[in-house]
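Enquirer: Numbering (our numbering), first residue to last: 108 to 328. Below: one structure in structure tokens.
This is the structure in structure tokens:
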């Protein structure tokens with residue numbers, strides 16, 4: 108048996124999640140108990156200098172496709188098919204043409220609304236991870252999507268970095284992306300094990316848990 112997981116976006120959130128999930132699978136007995144896993148990494152971006160303070164890349168990776176650089180790093184660590192992890196780099200951006208039926212789970216780790224919406228509408232099982240500054244949001248198909256839809260959205264075609272404006276230039280690097288990745292990785296590992304997964308959450312390092320929007324009573328009926 109093999110679980111097939113698509114990870115959309117390998118920047119701050121997706122890159123770290125891929126790293127820690129693939130290590131946890133490859134160097135434990137999880138595959139002996141639950142079967143192998145394929146991780147398809149989809150991202151059309153190349154590595155830029157400004158990615159280095161908070162993403163899983165080296166200076167030598169600048170100018171290279173992110174998915175290829177990340178896969179090479181993981182293979183150098185020893186994460187291989189022989190250890191039960193199939194890494195599949197796809198150097199293109201997710202679109203409506205992507206066949207989600209090929210995947211048992213889709214992890215959305217990009218900062219645009221269209222991919223999120225397409226995954227929510229078309230994937231059987233999904234995990235949505237977002238961050239801004241020191242805060243993050245985690246939501247899945249098992250949580251009430253009406254609550255997620257009450258959060259502010261970006262205009263179509265716009266994106267937002269997980270870092271605040273001028274963060275790189277001023278050294279104000281914040282780590283909500285790492286919180287999102289670690290919570291998401293725990294969700295994925297529990298899902299692979301067939302165990303109970305963490306519930307949706309929104310949290311900031313400075314202020315702790317944030318209240319979730321409440322669905323109006325007429326919507327609950």
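Every residue gets a Cβ at the ideal spot worked out from N, C-alpha and C, and that includes glycine. Computed from a predicted structure; not experimentally measured.
Taking residue 296 as the reference, which of 140, 118, 277 and 119 has the closest Cα?
Expert: For the purposes of this step, residue 296 is taken as the residue at position 189 of the chain shown. Nearest C-alpha to residue 296: 140.
Enquirer: So, does the segment 314 to 321 touch the segment 279 to 289, judging by three or more C-beta pairs under 8 Å?
Expert: Output reads no: the segment 279 to 289 does not touch the segment 314 to 321.
Enquirer: Whose C-beta lies closer than 7 Å to the C-beta of residue 176 among residues of the same chain, with five residues either side of it excluded?
Expert: Here residue 176 refers to the residue found at position 69 when the chain shown is read from its first residue. Closer than 7 Å at Cβ, skipping near neighbours: 154, 164 and 168.
Enquirer: In angstroms, rounded to a whole number, what distance separates the CA positions of residue 252 and residue 191?
Expert: Against the chain shown, residue 252 aligns to sequence position 145. Against the chain shown, residue 191 aligns to sequence position 84. So the two alpha carbons sit approximately 33 Å from each other.
Enquirer: What separation, rounded to the nearest whole angstrom, lies between the Cα atoms of residue 257 and residue 320?
Expert: Against the chain shown, residue 257 aligns to sequence position 150. Against the chain shown, residue 320 aligns to sequence position 213. One C-alpha to the other measures close to 7 Å.
Enquirer: For residue 208, does the count of other Cβ atoms within 10 angstroms reach 16, so buried, or fall short, so exposed?
Expert: Residue numbering aside, residue 208 sits at position 101 when the chain shown is read from its first letter. Residue 208 should be labelled exposed.
Enquirer: Can you tell which of 308, 304 and 285 has the C-alpha that lies nearest to the C-alpha of residue 118?
Expert: Reading the chain shown from its first residue, position 11 is the one you call residue 118. Looking at the Cα atoms, 285 is the closest of the given residues.
Enquirer: Using only the alpha-carbon positions, how far apart do residue 254 and residue 273 sit?
Expert: Taking the chain shown and counting its residues from 1, one reaches residue 254 at position 147. Taking the chain shown and counting its residues from 1, one reaches residue 273 at position 166. In a straight line, the C-alpha of residue 254 is about 31 Å away from that of residue 273.
Enquirer: Does the segment 189 to 205 touch the segment 126 to 146, meaning 3 or more C-beta pairs lie closer than 8 Å?
Expert: In short, these stretches touch, since the Cβ pair count reaches three.
Enquirer: Excluding five sequence neighbours on each side, which residues of the same chain lie with their C-beta closer than 7 Å to the C-beta of residue 266?
Expert: By 1-based counting over the chain shown, the position of residue 266 is 159. Only 218 and 219 meet the Cβ criterion.
Enquirer: Flag this pair as yes or no: are the beta carbons of residue 299 and residue 110 separated by less than 9 Å?
Expert: As a working mapping, residue 299 is identified with position 192 in the chain shown. As a working mapping, residue 110 is identified with position 3 in the chain shown. Their beta carbons are under 9 Å apart, which means residue 299 touches residue 110 by this criterion.
Enquirer: Is the distance from the Cβ of residue 288 to the Cβ of residue 203 below 9 Å?
Expert: Walking along the chain shown from the start, residue 288 turns up at place 181. Walking along the chain shown from the start, residue 203 turns up at place 96. Their beta carbons are not under 9 Å apart, which means residue 288 does not touch residue 203 by this criterion.
Enquirer: Does chain C have any CB closer than 9 Å to the CB of residue 165?
Expert: Absent here is chain C; the protein component of the structure consists of one chain.
Enquirer: By alpha-carbon positions, which one of 198, 304, 264 and 260 ends up nearest to residue 250?
Expert: One-based indexing of the chain shown puts residue 250 at position 143. Residue 304 is the option with its Cα nearest to residue 250.
Enquirer: In whole angstroms, what separates the C-alpha of residue 260 from that of residue 135?
Expert: As a working mapping, residue 260 is identified with position 153 in the chain shown. As a working mapping, residue 135 is identified with position 28 in the chain shown. Rounded to whole angstroms, residue 260 to residue 135 spans 38 Å at the Cα level.
Enquirer: Who are the Cβ neighbours of residue 173 in its own chain at under 6 Å, not counting the five residues just before and after it?
Expert: As a position in the chain shown, residue 173 is number 66, starting the count at 1. Excluding positions up to five away in sequence, the list reads 117, 150, 152 and 154.
Enquirer: Could you tell me the alpha carbon to alpha carbon distance between residue 121 and residue 114, rounded to whole angstroms?
Expert: As a working mapping, residue 121 is identified with position 14 in the chain shown. As a working mapping, residue 114 is identified with position 7 in the chain shown. Between residue 121 and residue 114, the C-alpha separation is close to 7 Å.
Enquirer: For the beta strand (DSSP E) that contains residue 197, what are its first and last residues?
Expert: For the purposes of this step, residue 197 is identified with residue 90 of the chain shown, where counting begins at 1. 192 to 197 is the span of the beta strand (DSSP E), which, as asked, contains residue 197.
Enquirer: Going by CA-CA distance only, name the one from 245, 206 and 236 that's closest to residue 230.
Expert: Residue numbering aside, residue 230 sits at position 123 when the chain shown is read from its first letter. Checked all of 245, 206 and 236; the closest Cα to residue 230 is 206.
Enquirer: Excluding sequence positions up to five away, which residues of its chain have a Cβ less than 6 Å from the Cβ of residue 199?
Expert: To locate residue 199, count along the chain shown from 1; it is residue 92. Closer than 6 Å at the Cβ level, and outside the excluded window around residue 199, lie 151.
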